[in-house]
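See below for the structure under consideration.
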Amino acid sequence: MANSPLSAQNLIALLVAFFVVLATGPRVIAWLHKLKFGQNINTDAPSSHAKKQGTPTMGGVMIVIGVLVSLVVSLLLGHPPHPLGSELLAVTLVFIGHSAIGFLDDYLSIKRGKSLGLKARHKLLWQFVIAGGFVFWLYETALPGFTTQVAIWPGHLVDLGIAYYVIAMLFIMGLSNATNLTDGLDGLLGGLTIFAALGVSWTVYTLAPGFEQLPWFGYALAGGCLGFLWFNAHPAKVFMGDTGSLAIGASLAAMAIIGKQEILLLIFSLVFLLELFSVIIQVGVVRLTGGKAIGRRVFRRTPIHHHFEEMQWPETVVVARFWIVGVLALAVGLLLARRFVTWII
1 MANSPLSAQN LIALLVAFFV VLATGPRVIA WLHKLKFGQN INTDAPSSHA
51 KKQGTPTMGG VMIVIGVLVS LVVSLLLGHP PHPLGSELLA VTLVFIGHSA
101 IGFLDDYLSI KRGKSLGLKA RHKLLWQFVI AGGFVFWLYE TALPGFTTQV
151 AIWPGHLVDL GIAYYVIAML FIMGLSNATN LTDGLDGLLG GLTIFAALGV
201 SWTVYTLAPG FEQLPWFGYA LAGGCLGFLW FNAHPAKVFM GDTGSLAIGA
251 SLAAMAIIGK QEILLLIFSL VFLLELFSVI IQVGVVRLTG GKAIGRRVFR
301 RTPIHHHFEE MQWPETVVVA RFWIVGVLAL AVGLLLARRF VTWII
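Residues in the sequence shown are numbered from 1 upward in steps of one, following full-length UniProt numbering.
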């Protein structure tokens, strides 16, 4: 079991994060209530969401606390205690940085009394800065086994050269915004993150030897989201907010880039990508066919989880079915993982 993805060290990282979130959750929720940090529901949201107005948001801080405590415990459990690896530090900084962007976005949204916080261009600018810093570190650091090659088909490796770093930066920013868009229903993002985090942790552990600390982050993130679901399950007592949702996608992407599991993470992230591209397609078609007032719409409402709500699917049904898709994506990704070894070799 010591050399298994289900090693004691990995499971401890998951369990510590879970119990930290479970223990701190009630106090954090009470603190958010006291500060009147309630969610402002977008007027474009389905009418059934009106009752969620005022539910505490910024609950992503619970996940951040759980992950950070878990990582400290994991480092201290070594004999002697493990030194902090640069790859774990890099992913953690990407996580904290995007959480800080989300925290500011949530705070401004609450204080302005609207559902809009940071302007999109300002949010993207800060995401660009953090993702760019990570990619610069990646370029300057000689990580063991790291390459700019990507397997696009069995036996076909493409060396992207310097373009890889540009694509990696866009990958981080894109997945960060994809998870942000996914966070629109009670329990949806938390559950899907568990599947994706376990998937990328499992594959990094088994396919990327030399990065033994990296899966700790994924397991801690899965445990933190599992604990968060205790409070975020329908009807939610707290929302993750951008504080959590932006950080999740960015950190998963950073993990996959270091461990060279980018393609597999795309598979694990199937639902996140569907959410992202539903918005891109909707906006593109509307603009091409006359603008917001008269333009045609592919979906009844986006992101796509709202489309199914408009089709009269109850919120809990949408979440359960999207979770099913997430589990299937996880299974397919793990089945392909063995094949990816032969692609790379």
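Here a beta-carbon is modelled for each residue, glycine too, at the ideal position from N, C-alpha and C.
Beta carbon of A127, beta carbon of M62: below 9 Å? The residue given as residue 127 occupies position 127 in the sequence shown. The residue given as residue 62 occupies position 62 in the sequence shown. Here residue 127 is Gln; the residue named in the question, Ala, does not match the sequence. It is not a contact, given that the beta carbons lie outside the stated cut-off.
What residue range does the beta strand (DSSP E) around D159 cover? In the sequence shown, counting from the first residue as 1, residue 159 sits at position 159. Run containing D159: 156-159, per the beta strand (DSSP E) assignment.
Nearest candidate by alpha-carbon position, reference V319, set G66, L229, F37: Taking the first residue of the sequence shown as position 1, residue 319 is located at position 319. Nearest option by C-alpha distance: L229.
For chain D, find out if any of its Cβ atoms is closer than 9 Å to the Cβ of L273; answer yes or no. Looking at the structure shown, chain D is missing, and only one protein chain is on hand.
For the stretch 219-233 against the stretch 151-169, are there 3 or more C-beta pairs whose distance is under 8 Å? no
With a cut-off of 8 Å, do at least 3 Cβ pairs link the stretch 120-134 to the stretch 239-254? yes
In terms of residues, what are the limits of the alpha helix (DSSP H) holding I110? Within the sequence shown, the letter at position 110 stands for residue 110. Its alpha helix (DSSP H) spans residues 86-111.
Take K237 and list the residues in its own chain whose beta-carbon comes closer than 7 Å to its own, dropping the five residues that flank it on each side. Counting from one through the sequence shown, the residue named residue 237 turns up at place 237. Result list for K237: I29, F231, in chain order.
Taking only the alpha-carbon atoms, compute the straight-line gap between P314 and V94 and give it to the nearest angstrom. Within the sequence shown, the letter at position 314 stands for residue 314. Within the sequence shown, the letter at position 94 stands for residue 94. So the two alpha carbons sit approximately 35 Å from each other.
Rounded straight-line distance, which links the Cα of H305 to that of I281: Stepping through the sequence shown from its first residue, residue 281 is reached at position 281. Stepping through the sequence shown from its first residue, residue 305 is reached at position 305. Distance between the alpha carbons of I281 and H305 is about 14 Å.
Let me confirm a value: E140 is counted as buried when at least 16 other C-beta atoms fall within 10 Å, else exposed. Which label applies? By 1-based counting over the sequence shown, the position of residue 140 is 140. Exposed, because fewer than 16 other Cβ atoms sit within 10 Å of the Cβ of E140.
Looking at A142 and I258, is the spacing between their C-beta atoms short of 9 Å? Within the sequence shown, the letter at position 258 stands for residue 258. Within the sequence shown, the letter at position 142 stands for residue 142. Cβ distance not < 9 Å, so I258 and A142 don't count as in contact.
Grab me the residues of Q39's own chain with a C-beta within less than 6 Å of its C-beta, minus the 5 sequence neighbours each way, in chain order. Your numbering for residue 39 matches position 39 in the sequence shown. Here the set comprises T55, T57, F239.
Look at the alpha carbon of S201 and the alpha carbon of L288, and state the distance between them as a whole number of angstroms. Your numbering for residue 201 matches position 201 in the sequence shown. Your numbering for residue 288 matches position 288 in the sequence shown. C-alpha separation (whole angstroms): 41 Å.
Helix, strand or coil, according to DSSP, for G38 in the structure here? Taking the sequence shown and counting its residues from 1, the one referred to as residue 38 is at position 38. Secondary structure of G38 (DSSP, three-state): strand.
Just to confirm my understanding: we take T342, look at its own chain, exclude 5 residues before and 5 after, and list those with CB closer than 6 Å. What are they? As a first step, residue 342 is located in the sequence shown; it is residue number 342 there, counting from the start. Reliability fails at T342, whose pLDDT of 44 lies under 50, so the model's placement of it is uncertain and the value that follows must be treated cautiously. Excluding five sequence positions before and after T342, none of the CB atoms of its chain fall closer than 6 Å to its own CB.
Exposed unless 16 or more other CB atoms sit within 10 angstroms - verdict on M1: Residue 1 sits at position 1 when you count from the first residue of the sequence shown. Because M1 sits at a pLDDT of 45, beneath the cut-off of 50, its placement in the model cannot be relied upon, and the following sentence gives the value as read from the coordinates. Exposed, since its Cβ has fewer than 16 Cβ neighbours within 10 Å.
Residue range of the alpha helix (DSSP H) that A250 falls in? Numbered from 1 along the sequence shown, position 250 holds the residue referred to as residue 250. Counting along the chain, the alpha helix (DSSP H) containing A250 begins and ends at 241-258.
Have a look at C225 and Y205 and give me their C-alpha separation to the nearest angstrom. Taking the sequence shown and counting its residues from 1, one reaches residue 225 at position 225. Taking the sequence shown and counting its residues from 1, one reaches residue 205 at position 205. Computed Cα separation, rounded: 20 Å.
Closest to G241 by C-alpha separation, out of L181, L22, R296, E275, would be which residue? Position 241 of the sequence shown, counted from the first residue, corresponds to residue 241. Selected option, being the one with the closest Cα: L181.
Suppose you measure from the CA of H307 to the CA of P26; what does that come to, to the nearest Å? On the sequence shown, residue 307 is found 307 positions in, with the first residue counted as 1. On the sequence shown, residue 26 is found 26 positions in, with the first residue counted as 1. Cα-Cα distance, rounded: 33 Å.
Cutoff 8 Å; reference F18; Cβ partners in own chain excluding five residues on either side: The residue given as residue 18 occupies position 18 in the sequence shown. Once the five neighbours on either side are set aside, the close Cβ partners of F18 are G66, G223, G224, L226, G227.
Where does I152 sit, in a helix, a strand or coil, going by DSSP? Along the sequence shown, one-based indexing puts residue 152 at 152. The answer is strand: DSSP assigns I152 an E or B state.
Measuring straight from C-alpha to C-alpha, what distance separates W137 and G290? Taking the first residue of the sequence shown as position 1, residue 137 is located at position 137. Taking the first residue of the sequence shown as position 1, residue 290 is located at position 290. Those two C-alpha atoms are separated by around 44 Å.
Have a look at S86 and K36 and give me their C-alpha separation to the nearest angstrom. To locate residue 86, count along the sequence shown from 1; it is residue 86. To locate residue 36, count along the sequence shown from 1; it is residue 36. In this structure, the alpha-carbon of S86 lies about 38 Å from that of K36.
Please list, in chain order, all residues of the same chain as P215 whose beta carbon is under 6 Å from its beta carbon, the five residues on each side excluded. As a position in the sequence shown, residue 215 is number 215, starting the count at 1. Excluding residues within five positions, the ones whose Cβ falls inside 6 Å are N10, S201, V204, Y205.
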